[in-house]
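Asks:
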Amino acid sequence: MVKKNTLLICSLAFFSLMGCKGKNELTVPVNLRTEYLREPIGLDTKSPRFTWEYKGSEKNFLASRSEIRIGTSPDNLQPYTDNMTLEPHTRYYWNVTVWDQDGDICETSETATFETAKFKSSDWSGKWITDSHDKEFEPAPMFRKAFTLGKEIEEARVYVAAAGYYDLFINGKRVGENYLDPGYTHFDKRILYVTHDVTSLLKPGGNAIATVLGNGWHNVQSKAVWNFETARWRNRPRMLCELRLRYTDGTTEVIATDESWRTATGPYTYNNIYSGDKYDATLEENGWNAEGFDDSKWDPVQVTEAPAPLLAAQQMPGIRITEELQPVSMKKFSDKLYVFSFEKNFAGLSRLKVKGAPGTRITLKHGELLKTDGRLEQGNIDVYYHPVKPGEVFQMDVFTLKGTGEEEIFMPSFAYHGFQHVEVESSAPVVLTKESLTGLFMHTAVEPVGSFSCSDPLLNKIWKATMEAYRSNLHSIPTDCPQREKNGWTADAHVAIDLGLLGFDAITLYEKWMNDFIDNQREAGEISGIIPSSGWGYGEWPGPVWDAAMFIIPNALYNYYGETRSIENLYPTMLRYLDYLKAKEKDGGYLTFGLGDWVYWKSTTNNTYTSTAYYYLDYTLMARFAGLLGKDAAPYRQRADELKALVNRKFFNPETGVYAEGTQTAQAIALYLGIVPEGKEQLVADKLCEVVRANNHFLDFGLLGSKSVPAMLTRYGYVEDAMKMITKTEAPSWGYWVETMGYTTLPETWTLSPEFRDASLNHVFMGDVSAWMMNQLAGINYDAVEPGFRHILITPHFVERVNWAKGEYHSVRGLISSEWKREGGKVTLTVTIPSGCTADIRVGDKTETVGSGTHVKTY
1 MVKKNTLLIC
11 SLAFFSLMGC
21 KGKNELTVPV
31 NLRTEYLREP
41 IGLDTKSPRF
51 TWEYKGSEKN
61 FLASRSEIRI
71 GTSPDNLQPY
81 TDNMTLEPHT
91 RYYWNVTVWD
101 QDGDICETSE
111 TATFETAKFK
121 SSDWSGKWIT
131 DSHDKEFEPA
141 PMFRKAFTLG
151 KEIEEARVYV
161 AAAGYYDLFI
171 NGKRVGENYL
181 DPGYTHFDKR
191 ILYVTHDVTS
201 LLKPGGNAIA
211 TVLGNGWHNV
221 QSKAVWNFET
231 ARWRNRPRML
241 CELRLRYTDG
251 TTEVIATDES
261 WRTATGPYTY
271 NNIYSGDKYD
281 ATLEENGWNA
291 EGFDDSKWDP
301 VQVTEAPAPL
311 LAAQQMPGIR
321 ITEELQPVSM
331 KKFSDKLYVF
341 SFEKNFAGLS
351 RLKVKGAPGT
361 RITLKHGELL
371 KTDGRLEQGN
381 IDVYYHPVKP
391 GEVFQMDVFT
401 LKGTGEEEIF
411 MPSFAYHGFQ
421 HVEVESSAPV
431 VLTKESLTGL
441 FMHTAVEPVG
451 SFSCSDPLLN
461 KIWKATMEAY
471 RSNLHSIPTD
481 CPQREKNGWT
491 ADAHVAIDLG
501 LLGFDAITLY
511 EKWMNDFIDN
521 QREAGEISGI
531 IPSSGWGYGE
541 WPGPVWDAAM
551 FIIPNALYNY
561 YGETRSIENL
571 YPTMLRYLDY
581 LKAKEKDGGY
591 LTFGLGDWVY
601 WKSTTNNTYT
611 STAYYYLDYT
621 LMARFAGLLG
631 KDAAPYRQRA
641 DELKALVNRK
651 FFNPETGVYA
661 EGTQTAQAIA
671 LYLGIVPEGK
681 EQLVADKLCE
691 VVRANNHFLD
701 FGLLGSKSVP
711 AMLTRYGYVE
721 DAMKMITKTE
731 APSWGYWVET
741 MGYTTLPETW
751 TLSPEFRDAS
761 LNHVFMGDVS
771 AWMMNQLAGI
781 NYDAVEPGFR
791 HILITPHFVE
801 RVNWAKGEYH
811 SVRGLISSEW
821 KREGGKVTLT
831 VTIPSGCTAD
841 IRVGDKTETV
851 GSGTHVKTY
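The sequence shown maps to residues 1 to 859 in the UniProt record's numbering.
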């Protein structure tokens, strides 16, 4: 059946635009997606969500109803009903028809497809396999299976689950475009599997399927502060694989992992998520992953137990190479030492092309900075890494050449790095040029959906740096940085959620990560500050402000997509968590523990204030969620009201409008979270602006203020003051980062310590200023009352410093555009609203409600 929220999306969200019967151009649904994916294979939900947009030219079109038709043949589609049962391993076809507000039928969409995978454990016939080595053994396990095909294949799918990472080959060719699959989870709770279409890789007669497994987060063999080397799930990598064949005669066959597979180790001598890969090409056995290879000297595999009780389909995009970069410079120190530099900081790998003598050892060390002599500096990123093994270096891949006399190409398989510079050192002379090294930008390949530009180059640089940092920090979870930690810090993610969803179609990534929250929760109700975690980061540090991600992110998915799945899934987890916090209350409800305005500049904001304020937010959102799910919201509203009163009683001076210590953050989050008593909002905002002006418009906050201060200044009439703050180019400021220092991504701290160089240069958690640009300069906003952009709020601000601004956002309902330009004392605003949507255009104290289409206004 289709879930309630799916019906809402189908029948309201996309009711759009182009005329129907009797109109010049028929309305037609387009961009059909299943589970927010186009033509997906490998779905494991029995109640898929269907979404679409509209193509057409008629303004103000609305649909009165819609009908989805579905079937296993495109020629026999039946209305989709609540009692329809989907089968595993099946391709389904579907289309949709809508009726307009007059009851006239519109044009039916083209037919889309999706494929199901596994619904339950009995749908799997394969066995988990590994080799006979223990978790400390360093060379990676390799597996293979030869088989013969005697009939013509119509279709072939391979389903692969691994505890660790896998590279999969069929007849010597690598399968798929993803890297570092499957995604990172709590490996003793849930493991993901990936589905590939491999029809084109198979041939009549002899074939072979082969894999090599990397450690990934499952078997961290190096020591760092987060204790992954002692993870409860840590073990030798293992896998489950099924190749499912459907022949043209209608029969099927499954070739699955079992006792008949063979295993060995080879050139993949070591891999670690923090240090890198070691590959010794002198150990290669040619053709090991192809048909015809003699594996009689290989060992039998070990059949083993499943690492986790739950296998789930990986429905988020895979980690892919989205960009190849050429170095902008290469400095040769000797014929054994070279340093390559790229135009920007990014996450991914280096691919090296080189000739050399047999056994030549080449190291590629990655970092963000250079020393004064031009050598690589890792001091700002290696502070948490504590290598204990000989020869182990942070972010360094090691390749040993086969030395065939031909050019050899090396690219790591089981790591990724964060870097702008690469130091290449060899044990014997090699000749390298700028063309010898290519940078590979790799991240979870979420589709870009938002763009912003304006007449101010500084703001454009900040936007670009933010989006580069965001992409650099997506590797199956949202991370803090791609080098020194790679952890899923909860507050980093919730502070960046708006910029992320305005820039990228990331719902499937966040839905996956919210499932990690469920798996992360302990029996007492607490969660850790990094998710996933093997045990580090629980307890009263980092605390409620960080933990609020479990409420804030599902709420954002509802606001941006009209989607409640994460809310439904997390609801029991949220209840247990609120019970946990209740046991921690002091003096009637205050929470006196946890981090607050992290990485502040100078002024500190009371942590009891921030923790209790976000505790209030938890209950406010819980009341919303209860209402959405048809549950009793009254107890949560009542508790939220009580906590609001507690915060105001202890921290608010109603005469002066000052909260806590009166910092920029303290003033702003009271407004941002809705804590200020009715009628006192402007007083508090005036005090905020006063504090900002007294500081010469320099920012003075950390991550909480970075999200709330510019937004609240703007909401209460001080947009020019916000602009003065945002466009500063001396420290501390965003402008200092991108203009004065020339950073291409956002750093972790407002200034980098010259003594210790102790901060990453590729964080995204201070980047909400880019969401502010889209929301307040271009003016594109969701309406929380009608989520999923059914109704849109257009609120541009024509600031003095900017002569034009343009934002585009491809929402779940279609493209929204807002562009304004100042000429001759007048401003022309051009707004485009998708079909089936409405919008309020608010400029100053004037509001006009419009329907779909393009609207041009002059002010």
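Virtual Cβ for every residue (Gly too), placed ideally from N, Cα, C.
1. In terms of DSSP beta bridges, what is M442 paired with?
2. Is there contact between the stretch 770-777 and the stretch 483-490, where contact requires at least three CB pairs shorter than 8 Å?
3. Output yes or no for whether 8 Å exceeds the beta carbon distance between F340 and H417.
4. Identify whether S534 lies in helix, strand or coil by the three-state DSSP scheme.
5. Spatial neighbours of Y619 within its chain, please: C-beta separation below 7 Å, excluding the five flanking residues on both sides.
6. Which of the three DSSP states, helix, strand or coil, is assigned to Y672?
7. From E447 to L501, what distance separates their C-alpha atoms?
8. What residue ranges within the stretch 603-640 form continuous alpha helix (DSSP H) runs of no fewer than 4 residues, ordered along the chain?
9. Could you compute how far the alpha carbon of M741 sits from the alpha carbon of C454?
10. Three-state secondary structure (DSSP) at H475?
11. Quick one: any contact between the stretch 61-77 and the stretch 141-152, if contact means 3 or more CB pairs under 8 Å?
12. For Q326, count the other beta carbons within 10 Å of its own beta carbon; 16 or more makes it buried, fewer makes it exposed. Which is it?
13. Near N24, which residues of its chain fall below 7 Å by C-beta distance, leaving aside the five closest residues on each side in sequence?
14. To which residues does DSSP link E823 through a beta bridge?
15. With DSSP collapsed to three states, give me the class of residue 863.
16. Determine the contact status of G142 and A264, defining contact as a CB-CB distance below 8 Å.
17. Looking only at C-alpha atoms, which of K402, E407 and G439 sits nearest to F346?
18. When DSSP builds the beta bridges, which residues end up paired with S329?
19. List the DSSP bridge partners of residue 901.
20. Is the beta carbon of S811 less than 8 Å from the beta carbon of F789?
21. If I follow the unbroken alpha helix (DSSP H) through D840, where does it start and stop?
22. CB L77 to CB N60, shorter than 8 Å?
23. Are the Cβ atoms of E242 and A256 separated by less than 8 Å?
24. What does V28 pair with, by DSSP beta-bridge criteria?
25. What are the boundary residues of the beta strand (DSSP E) that K582 is part of?
26. List in chain order: all unbroken alpha helix (DSSP H) runs of 4+ residues lying wholly within the stretch 248-282.
27. Just to confirm, is the Cβ distance from N515 to I531 under 8 Å?
28. Rounded to whole angstroms, what's the CA-CA distance from G853 to P787? Just pull it up for me.
29. So if DSSP puts K586 in a beta bridge, which residue, or which two residues, is it bridged to?
30. Excluding the five sequence neighbours on either side, which residues of its own chain have a C-beta within less than 6 Å of the C-beta of F441, listed in chain order?
31. Between A308 and F517, what straight-line distance do the alpha-carbon atoms span, to the nearest angstrom?
32. Spatial neighbours of P387 within its chain, please: CB distance less than 8 Å, with the 5 preceding and 5 following residues excluded, ordered by chain position.
33. Please work out which residues of its chain come closer than 6 Å, Cβ to Cβ, to T849, disregarding the five sequence neighbours upstream and downstream, and give them in chain order.
34. Just to confirm, is the Cβ distance from Y577 to D547 under 8 Å?
35. Distance, Cα to Cα, L283 vs G266?
36. Taking the beta strand (DSSP E) that Y166 belongs to, which residues open and close that run?
Replies: Checking against the coordinates, here is how it stands:
1. Per DSSP, I321.
2. The stretch 770-777 makes no contact with the stretch 483-490; the number of CB pairs closer than 8 Å stays below 3.
3. Cβ atoms of F340 and H417: not closer than 8 Å.
4. Here S534 sits in coil by DSSP.
5. In its chain, beyond the 5 residues on either side, Y636, R639, A640 and L643 have a beta carbon closer than 7 Å to the beta carbon of Y619.
6. In the three-state DSSP reduction, Y672 falls in the helix class (H, G or I).
7. So the alpha carbons of these two residues sit roughly 10 Å apart.
8. Within the stretch 603-640, the runs of alpha helix (DSSP H) at least 4 residues long that lie entirely inside it are, in chain order, 607-628.
9. Taking C-alpha positions only, M741 is separated from C454 by approximately 22 Å.
10. Here H475 sits in coil by DSSP.
11. A contact is defined here as three or more CB-CB pairs under 8 Å, and the stretch 61-77 fails this definition with respect to the stretch 141-152.
12. Exposed: under 16 other Cβ atoms inside 10 Å.
13. Because N24 carries a pLDDT of 41, less than 50, the predicted location of this residue cannot be relied on, and the following value inherits that uncertainty. If we look at N24 and ignore the five residues flanking it on each side, it has no Cβ neighbours.
14. DSSP lists K826 as partners of E823.
15. The first residue shown for the chain is 1 and the last is 859, placing residue 863 beyond what the model contains.
16. Position check: residue 142 holds Met in this sequence, whereas Gly was assumed. A contact, by the Cβ cut-off of 8 Å.
17. Nearest of K402, E407 and G439 to F346, Cα basis: G439.
18. Answer by DSSP bridge pairing, in chain order: S341.
19. No information on residue 901 is available, as it lies outside the stretch 1 to 859 that the chain covers here.
20. Contact flag set, yes.
21. Looking at the DSSP string, D840 is not in any alpha helix (DSSP H); the run it does join, the beta strand (DSSP E), is T838 to V843.
22. No, Cβ-Cβ distance for L77 and N60 is not below 8 Å.
23. Going by C-beta atoms, E242 is nearer than 8 Å to A256.
24. Paired residues: K55.
25. Not the beta strand (DSSP E): K582 falls in the alpha helix (DSSP H), residues R565 to K582.
26. For the alpha helix (DSSP H) assignment, the stretch 248-282 encloses no uninterrupted run of at least 4 residues.
27. No, the Cβ-Cβ distance between N515 and I531 is not below 8 Å.
28. Going from the Cα of G853 to the Cα of P787 covers about 19 Å.
29. According to DSSP, K586 bridges with Y590.
30. Close CB contacts of F441 within its chain, under the 6 Å cut and outside five residues either way in sequence, are with T322, E323, F346 and G348 (chain order).
31. The alpha-carbon of A308 is positioned some 16 Å away from that of F517.
32. Closer than 8 Å at Cβ, skipping near neighbours: S222, K223, S275, V393 and F394.
33. Setting aside the 5 residues that flank it on each side, T849 is surrounded in the same chain by D840, each with a C-beta closer than 6 Å to its C-beta; the list follows chain order.
34. Closer than 8 Å, so yes.
35. For L283 and G266, the distance between alpha carbons rounds to 6 Å.
36. From DSSP, the beta strand (DSSP E) with Y166 extends over Y165 to I170.
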